[in-house]
Amino acid sequence: MAHPVHILSAGASCLSGNRNGSLYHAACLKEEPIQMQTLVTGANGFVGAVLCRKLSKAGHRVRGMVRKTSDLSALEGASIEKVFGSLEDPESLEQAVKGCETVFHVAGAVSDYGSESYFRRVNVDGTRSILEAAVEAGVRRFVYISSAAVHSFTGARNMNEESPQLPTRFPYCQSKREAEKVVMQAHHQGRIEAVIIRPGDIYGPGDRVILLKMASLLEKGCMALVSGGRSLGAFTYVENLADGIVLAGTVKQAAGNTFVITDGIELTWKEYFDRLTDALEVPRVRIFVPAPAAWCVAVVLETLYRLFGIPGRPPVTRYLVVHLRGDFHFSIEKACRELGYVPRVGLDEAIRRTAGWYKHKVRGE
């Protein structure tokens, strides 16, 4: 198995060396004073909960916006103020942003399947609503958590923030693009400072959706990889992502910029799953499906789901196949250079923590 390679050569000026196998930041970038009053939307979610704890640990006052029906177990023991709100309830948003200096907008619709109207309502209209509430409340900075998927799935390696955003058939990708435009327009108009973060393929402890389903398939030996799993993924450990998001909210020169945040490694999907299955102590994936065959299955399943009004998402989607059949890999040079971002948790440790969480949560080990 090839060892992961850090894609940080052009950003080496912000790194001073290697300590215990992990790169560390040695530059003194200008950060805003600590003890900011912050708001995190989607605070009970996978990324939001980790971000809340990071901000609190860094000394900031954290207010987490959640829905009244939300499962708050991910926030147990966290030192945050909880406030109920909805992106579709303007009055609740006014209360949520009141007195805040920085808003981290994490909440949104994230799925490989769904209608255009659904993604637009949540990701575009919802972002506009919380942004307007923040502007009216005098919030200084708005950090929007977008997605590297805005670049579509072109099969390219070493993409960056300026890589083309080709036409896409997927409403999720399009909704994120449109939401980014809404956010940056407010910045260019001088109404608020804005920063956009584009995470890659996020994984780690606390993922109660993808990881739980995926690990269950791995345990049953039912997991299949498209095109042999030979494509590179944009792997992003959730703790590293949260570090990058905190920097986006605190580094002064980040305003008006967009940053791709990943772990900065070259790793194929097969290599990732080999490491994960080994850590979970289950057999490695042995089922490989050619991309054309997987595409046909996805088209048939999506058609059946639409025709018969089957709720939920199909087991295989066109989005998933396109995502996995070609390389989806990014440089993190800009984030390293301008934010001082460094993925502090290495791959082996990230996999160990991820598998450990699953073993404890599901197996009771």
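Counting from 19, one number per residue, gives the positions in the sequence shown under this note's numbering. Heads up, the beta-carbon is just placed ideally off N, CA and C, and yes, glycines get one too. Note that the coordinates shown come from a computational prediction; the quantities given were computed from them, not determined experimentally.
Contact belief for residue i with residue j at Cβ below 8 Å, rounded distance in angstroms
| i | j | result |
| --- | --- | --- |
| ASP216 | THR120 | Here residue 216 turns out to be Arg, not Asp, going by the sequence shown. Contact doesn't hold; Cβ gap of about 19 Å is too wide. |
| ALA349 | ASN141 | It is worth fixing the name first, because residue 349 is Ser in this sequence and not Ala. So it is not a contact: roughly 25 Å between Cβ atoms. |
| TYR359 | ILE279 | 7 Å |
| LEU243 | PHE306 | 5 Å |
| GLY251 | THR372 | Going by Cβ atoms, the distance from GLY251 to THR372 rounds to 14 Å, so no, they are not a contact pair. |
| GLU99 | ALA151 | Going by Cβ atoms, the distance from GLU99 to ALA151 rounds to 17 Å, so no, they are not a contact pair. |
Same chain, Cβ closer than 8 Å to residue i, neighbours up to 5 away in sequence not counted
| i | result |
| --- | --- |
| ARG2 | Here the chain has residues from 19 to 383 only, and residue 2 is not among them. |
| MET232 | MET241 |
| GLY132 | PRO189, TYR190 and ARG331 |
| VAL264 | LEU69, LYS72, LEU73 and ALA76 |
| ALA155 | GLU112, VAL115, LYS116, GLY117 and CYS118 |
Residues of its chain near residue i, where Cβ-Cβ distance is below 7 Å and the 5 sequence neighbours each way are ignored
| i | result |
| --- | --- |
| ALA204 | LEU149, VAL153, ILE210 and ALA212 |
| SER40 | With a pLDDT of 39 at SER40, under the threshold of 50, the predicted position of this residue should be treated as unreliable, and no value is reported. |
| TYR15 | Missing from the structure shown is residue 15; the chain here goes from 19 to 383 and no further. |
| VAL201 | THR145, LEU149, PHE160, TYR162, ALA212 and ILE214 |
| LEU184 | SER170 and THR172 |
| ARG195 | VAL168 and GLN183 |
| GLU257 | VAL68, GLY222 and VAL363 |
| VAL339 | VAL244, ALA309, ALA312, TRP313 and ALA316 |
Counted within 10 angstroms of its Cβ, other Cβ atoms place residue i as buried (16 or more) or exposed
| i | result |
| --- | --- |
| ASP89 | exposed |
| ASP281 | buried |
| ALA311 | exposed |
| ILE163 | buried |
| LYS270 | exposed |
| PHE253 | buried |
| ASP366 | exposed |
| THR321 | exposed |
| VAL396 | Past the edges of the chain, shown from 19 to 383, lies residue 396, and the structure says nothing about it. |
| SER135 | exposed |
| VAL128 | buried |
| THR87 | exposed |
| CYS314 | exposed |
| ARG343 | buried |
| ARG37 | Its pLDDT being 31, under 50, ARG37 is placed unreliably in this model, and the coordinates cannot settle the point. |
| ARG304 | exposed |
| LEU325 | exposed |
| GLU94 | exposed |
Nearest residue (CA-CA) to residue i, options the options
| i | options | result |
| --- | --- | --- |
| MET54 | PHE122, ARG381 and THR372 | PHE122 |
| ARG139 | TYR190, ALA96 and GLU94 | TYR190 |
| ARG248 | THR286, GLU257 and LEU229 | THR286 |
| GLY144 | ILE98, GLU198 and VAL318 | GLU198 |
| LYS352 | LYS238, ASN178, LEU93 and SER104 | ASN178 |
| GLU289 | GLY82, SER104, ILE369 and LEU111 | ILE369 |
| LYS72 | VAL380, THR268, GLY218 and ILE228 | THR268 |
| GLY274 | ARG158, VAL380 and VAL334 | ARG158 |
| GLU383 | ALA316, VAL334 and LEU298 | LEU298 |
| ARG187 | THR335, ALA309, ARG81 and PRO308 | THR335 |
C-beta atoms of residue i and residue j nearer than 8 Å
| i | j | result |
| --- | --- | --- |
| GLY77 | VAL124 | no |
| SER181 | PHE137 | no |
| PHE171 | HIS341 | yes |
| PHE102 | ARG85 | yes |
| ALA12 | CYS70 | Since the displayed the chain opens at 19 and closes at 383, residue 12 lies outside it and no answer follows. |
| SER147 | LEU105 | yes |
| TYR337 | ASP130 | yes |
| ALA67 | ALA92 | yes |
| ASP345 | ALA174 | yes |
| LEU259 | ILE220 | yes |
Sequence-distant residues of its chain with Cβ nearer than 6 Å to residue i (five each side left out)
| i | result |
| --- | --- |
| HIS43 | Its pLDDT being 42, under 50, HIS43 is placed unreliably in this model, and the value from its coordinates should be taken loosely. Cβ within range, chain order: GLY358 and VAL360. |
| ILE328 | none |
| SER110 | GLY103 and SER104 |
| VAL300 | LEU236 and GLU237 |
| ASP261 | none |
| LEU230 | none |
| ASP225 | PHE64 |
| TYR255 | GLY222, ASP281, VAL363 and ALA368 |
Any non-hydrogen atom of the ligand GDP within 7 Å of residue i CB
| i | result |
| --- | --- |
| LYS72 | Judged by which ligands are present, the structure shown has none, so any question about the ligand GDP falls away. |
Test: residue i CB closer than 8 Å to a CB of chain D
| i | result |
| --- | --- |
| ARG79 | Considering every chain present, this structure includes no chain D. It has just one protein chain. |
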